[in-house]
Amino acid sequence: MFCTVCGSTMNPDAQFCPNCGKPPGAGPFVSPAAQPAYVPPTGVRAQTGRWLSIGWQMVKNDLGTFVVATLLYAVLNGVSSMILQGPLTAGFMILAFKKLLGRPTEVGDFFRGFNFFVPALVASLLIGVFVLAGTLVCIIPGLVVAAAMNFTYAFIVDKRMDFWPAIQASHAIVKQDYFGFTMFLLACALVNVLGALCCIVGLLVTVPISFCAIAAAYQDIAGVNPATPELA
Amino acid sequence: MRPSGAHVLLRWTPLAAAALWCPVACRWLDSANLCGFRWLTGQPCPLCGLTHGLAALALGRWSDAVSCNALTPLAAAMLLGAPLLSLAPAIERRAWQLAAAAFALFGLSRLV
Chain A
0 MFCTVCGSTM NPDAQFCPNC GKPPGAGPFV SPAAQPAYVP PTGVRAQTGR
50 WLSIGWQMVK NDLGTFVVAT LLYAVLNGVS SMILQGPLTA GFMILAFKKL
100 LGRPTEVGDF FRGFNFFVPA LVASLLIGVF VLAGTLVCII PGLVVAAAMN
150 FTYAFIVDKR MDFWPAIQAS HAIVKQDYFG FTMFLLACAL VNVLGALCCI
200 VGLLVTVPIS FCAIAAAYQD IAGVNPATPE LA
Chain B
0 MRPSGAHVLL RWTPLAAAAL WCPVACRWLD SANLCGFRWL TGQPCPLCGL
50 THGLAALALG RWSDAVSCNA LTPLAAAMLL GAPLLSLAPA IERRAWQLAA
100 AAFALFGLSR LV
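Respectively, the protein sequence lines represent chains A and B.
The first sequence begins at 0 in numbering that gives the first Met the number 0 and counts up by one.
The second sequence begins at 0 in numbering that gives the first Met the number 0 and counts up by one.
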């Protein structure tokens, strides 16, 4: 038999996988090549107000954890943004998803994003290149591209997708309402501008609101898989 | 779920902010070149002049608006019509596709 998490061969009687240490049936293992293309629900519309409201509620209910996570996010991004931004963002999504599922959260969850180091790193580099290319043409196309890739990290974490299928899945959702999702991204940016205007310290609250709003949007549209091991 | 008034308002807040941004950008960033494409190639991109064009259009200066970017009226129509278009998603998507195609063709014509 094979481990459902890492795909290694294991004894049928074994209680744990000799490779990854997870119990049998701990999570689905799907090799990137075997992953079917994500098919989003039809008629998806951006609900900026609803998602930001949920994001605010989530952060308000667990302010301490999110503030500490944001501080870590800022400090570690300052060390090496190019390499760490992807895994750190994935970690923030894990934190937000756990909160959405009503599970206890702790700052340590933030570092579980490093379980997705390679796909998150490559995704962040690719998103950076695409957004830069779009921004070169008078900024607006860059915003649309950024909006189209908004859910990439959510798919990497929740559906355990590789970077390219995750980017495609995010785009498949956003292309149903480019304008609405670009407005959603701009609204998140405006919230952060307000945070920055509050002596920069406001960002400690507004940055997690943005991440939680994206997580809430993902929950509404794609649905968070509660069986994902990182969300346990 | 039926969106509340506040939710609908929030959906359009970024658009309002963008509308306020146009005159501010024109006044204080007039000499700045924010377009990377123009900076790299010396040629205007399809969207170059749109901020000034929209600001001129808001003041009723149609000829100035069109001289800044010939598709300024189209952009203004799309932005103002966006709330109505959002009521008919199929038409909205088609309209944005056509507008994007128009800007792409306009960009090519600017380069030739």
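For glycine and all other residues, C-beta sits at the position ideal for the given N, C-alpha and C.
Contact belief for residue i with residue j at Cβ below 8 Å, rounded distance in angstroms
i	j	result
A165/A	A122/A	6 Å
L184/A	A145/A	6 Å
G107/A	I93/A	So it is not a contact: roughly 10 Å between Cβ atoms.
A147/A	H170/A	5 Å
Residues that residue i contacts on chain A, provided the C-beta gap is smaller than 9 Å
i	result
C34/B	L135, V136, C137 and I138
L46/B	V136, C137, I138, I139 and P140
Residue closest to residue i, alpha-carbon to alpha-carbon, out of the options
i	options	result
L70/A	Y37/A, I82/A, G42/A and V200/A	V200/A
Y177/A	A17/B, C67/B, S66/B and A89/B	A89/B
A74/B	P43/B, A98/B and C25/B	A98/B
T40/B	V136/A, C197/A and T181/A	V136/A
G179/A	R93/B, P82/B, G52/B and S108/B	P82/B
A231/A	I53/A, R102/A and G107/A	R102/A
I213/A	Q46/A, S79/A, C198/A and I82/A	Q46/A
A54/B	L110/B, C25/B and F105/B	C25/B
V43/A	N224/A, E229/A, I220/A and G85/A	I220/A
C67/B	G80/B, C47/B and L58/B	C47/B
L120/A	V156/A, F96/A, P140/A and A168/A	V156/A
Partner residues on chain B for residue i, Cβ-Cβ distance less than 8 Å
i	result
M160/A	By Cβ distance, chain B contributes nothing, its closest Cβ being about 25 Å from M160/A, past 8 Å.
Residues that residue i contacts on chain A, provided the C-beta gap is smaller than 7 Å
i	result
W95/B	Y177 and F178
A69/B	Per Cβ cutoff of 7 Å: no residues; A69/B is ~15 Å from chain A at best.
C-alpha distance - residue i paired with residue j, whole-angstrom precision
i	j	result
V117/A	L124/A	11 Å
I208/A	A188/A	11 Å
L14/B	L84/B	14 Å
Q96/B	M77/B	11 Å
V58/A	F65/A	7 Å
T134/A	Q56/A	32 Å
E91/B	A153/A	27 Å
P27/A	A103/B	Below a pLDDT of 50, predicted positions are generally treated as unreliable, and P27/A, at 47, falls in that range; the measurement from the model is reported next regardless. Answer to the nearest angstrom: the Cα atoms are 44 Å apart.
V67/A	M182/A	28 Å
L99/A	R60/B	50 Å
K158/A	T227/A	8 Å
C132/A	G35/B	Here residue 132/A is Ala; the residue named in the question, Cys, does not match the sequence. Distance between the alpha carbons of A132/A and G35/B: 9 Å.
S79/A	G90/A	16 Å
Where residue i meets chain B, residues with beta-carbon distance less than 9 Å
i	result
G42/A	P88
Residue i at chain D interface by Cβ criterion, 8 Å
i	result
L189/A	As a matter of chain content, chain D is missing from the structure shown, whose protein chains are A and B.
Chain B contact residues for residue i, given Cβ-Cβ distances below 7 Å
i	result
M148/A	In chain order: nothing, as chain B lies at least about 18 Å away.
>> Quick check on the DSSP output: what are the complete alpha helix (DSSP H) runs of length 4 or more inside the stretch 131-158 of chain A, in order along the chain?
In response: 139-147 and 151-157
> What are the start and end residues of each continuous alpha helix (DSSP H) run of 4 or more residues lying completely inside the stretch 30-105 of chain B, in chain order?
Replying inline: 35-40, 49-57, 61-67 and 71-84
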